[in-house]
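With positions in the sequence shown counted from 1, the corresponding number in my numbering is that position plus 14.
Yeah, the Cβ is synthetic: ideal placement off N, Cα and C, and Gly gets one too.
Below is one structure, written out as structure tokens, with a few remarks after it.
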Amino acid sequence: DNLRLRVGIMGTANIAKKNARAIANSQFCSVTAVASRDEARAAAWCVENIHGYDTVHVHGSYEALLSDVDVDAVYVPLPTTLHAVWVARIAAAKKHVLLEKPVA
Numbered sequence: 015d016n017l018r019l020r021v022g023i024m025g026t027a028n029i030a031k032k033n034a035r036a037i038a039n040s041q042f043c044s045v046t047a048v049a050s051r052d053e054a055r056a057a058a059w060c061v062e063n064i065h066g067y068d069t070v071h072v073h074g075s076y077e078a079l080l081s082d083v084d085v086d087a088v089y090v091p092l093p094t095t096l097h098a099v100w101v102a103r104i105a106a107a108k109k110h111v112l113l114e115k116p117v118a
């Protein structure tokens, strides 16, 4: 559905699970990509947490997620110390940001 916001998830920490499931179950959004520093970990995380995981793009780096043309917005469940740098990079990639904690 081309009216849904296509969301990429930057990181596979436990904190990401609840919001990832909410995004995946939303009528307005879909999870289109998940990135981790380890591609195998991202793939395993998708199997465990995303219904329809076989359609999700799996990336072995955060940079690859930002280059994914099928991602409109990025959810950032990273540690607070990494927020400022990644939010700036996401904005530079012309993608929307979902950040639940302080930027810095």
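For the alpha helix (DSSP H) assignment, the uninterrupted runs of no fewer than 4 residues enclosed by the region 30-79 are, from N- to C-terminal side, 30-39, 53-63.
Shown here for G74: same chain residues with a beta carbon closer than 6 Å to its own, the five before and five after excluded, namely E53 in chain order.
Nearest neighbour of V111 by Cα position, chosen from M24, T46, L17, N16, turns out to be M24. DSSP places A87 within a strand segment (E or B) once states are collapsed to three.
Rounded to whole angstroms, the Cβ separation of A49 and G22 is 7 Å, and the two are in contact under 8 Å.
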